[in-house]
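Protein sequence lines, in the order shown, are assigned to chains V and P.
FYI, in the numbering used here the residues of the first sequence are 19 to 100.
FYI, in the numbering used here the residues of the second sequence are 326 to 475.
A quick write-up on the structure given underneath.
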Amino acid sequence: MIEVLYFAWLRERIGERAETVETEAATVADLVEELRARSEAHALAFSDMASVRVALDQELTTMDAPLAGVREAAFFPPMTGG
Amino acid sequence: MSVRVQAEPFNMGAEVDDFTAEMTGAGAVVTFSGLVRDEGGTLSSMEIEHYPGMTEKALEAIRAEALERFSLTGARIIHRYGPLKPDEQIMMVATAARHRADAFAGAEFLMDYLKSRAPFWKKEHGADGTDWVAAKDADEAALDRWSKDR
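Shown next as structure tokens:
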């Protein structure tokens, strides 16, 4: 089980801040495939992966990162701090 | 606290005084503050979203790297979130070092990294509706110089 968080326009498109997902996905990319199948809103949010970043347990990482042992996955657009 | 993420405004002058007082042995203090641009009067407000928990960790990590790379005496980062009006302060960094070159470079490094590696997202509310601010290619390019330089 993994807690999936969304921020900025991903949150708005999906309409949820967070959801708990039952998954056997091996990598982030596999998890994204499963999330896309959840609803049209999810599919739309994950339609342009060049604009999606991911953090696992609050550390930035890449879509090929393994999910074993991960409790929290967060998806968001490129950051715009400062 | 050397890293603060808060909704409330901060007093730049008081922060710089406080920071400077802690910096025994430093010969230079550099400060920067970022403001909400009014975009020629078209911006009514800006909203900053962040990722509580990760934001603090990311800023701490960026700060630790700056301290080491530029031999800083100290560094302070304050970044706000929530709704902000044009001309309000969004954030500040202060760095201190024995000499000014390191203090300047450390402040630039902090700014470049926190722009695209700290989980903040800006949304603008203006005359034409609301829009998430897009990250700029230039922001990523700004990070490259720090890997080539050293």
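Glycine included, each C-beta is placed from N, C-alpha and C at the ideal position.
Since the model is a prediction, treat every value here as computed from it, not as a measurement.
heavy atom of the ligand FAD below 7 Å from residue i C-beta
i                 : result
His424 of chain P : No copy of the ligand FAD appears in this structure; indeed no ligand is present at all.
Contacting residues, own chain, Cβ-Cβ under 6 Å from residue i (five flanking each side not counted)
i                 : result
Val354 of chain P : Thr345 and Ala421
Thr349 of chain P : none
Per-residue contacts from residue i into chain C (C-beta, under 9 Å)
i                 : result
Ala443 of chain P : Checking the listed chains, one finds no chain C in this structure; the protein chains it contains are V and P.
Three-state secondary structure assigned by DSSP to residue i
i                 : result
Glu42 of chain V  : coil
Ala467 of chain P : helix
Phe357 of chain P : strand
Minimum C-alpha distance to residue i - residue among the options
i                 : options                                   : result
Leu360 of chain P : P:Thr455, P:Lys447 and P:Ala467           : P:Lys447
Arg405 of chain P : P:Phe335, P:Met326 and P:Glu433           : P:Phe335
Glu39 of chain V  : V:Val50, V:Pro95, V:Trp27 and V:Arg31     : Looking at the sequence shown, residue 39 of chain V is not Glu but Val. For the residues V:Val50, V:Pro95, V:Trp27 and V:Arg31, the minimum Cα distance to Val39 of chain V belongs to V:Val50.
Asp427 of chain P : P:Ala391, P:Val330, P:Glu372 and P:His375 : P:Ala391
Arg470 of chain P : P:Phe434, P:Ala339 and P:Phe357           : P:Phe434
Met436 of chain P : P:Thr356, P:Glu347 and P:Thr349           : P:Thr356
Ala459 of chain P : V:Gly87, V:Val88 and V:Ala68              : V:Ala68
Leu468 of chain P : P:Ser327, P:Glu413 and P:Ser441           : P:Ser441
Leu439 of chain P : P:Ser369, P:Arg423, P:Met337 and P:Val418 : P:Val418
Met486 of chain P : P:Ile415, P:Ser472, P:Pro444 and P:Pro377 : What the structure shows of chain P is the stretch from 326 to 475, and residue 486 of chain P is not part of that stretch, so it cannot be assessed.
Neighbourhood of residue i by C-beta distance below 8 Å, restricted to the same chain and skipping five residues each side
i                 : result
Arg475 of chain P : Residue confidence is low: Arg475 of chain P scores 49 on pLDDT, short of 50, so the model does not pin down where it sits. Its coordinate-derived value is still stated next. Cβ neighbours of Arg475 of chain P beyond the five flanking positions: Arg394.
Gly99 of chain V  : none
Neighbour-count burial assignment, residue i, 16 or more Cβ in a 10 Å radius
i                 : result
Asp66 of chain V  : exposed
Ala463 of chain P : exposed
His375 of chain P : buried
Ser396 of chain P : exposed
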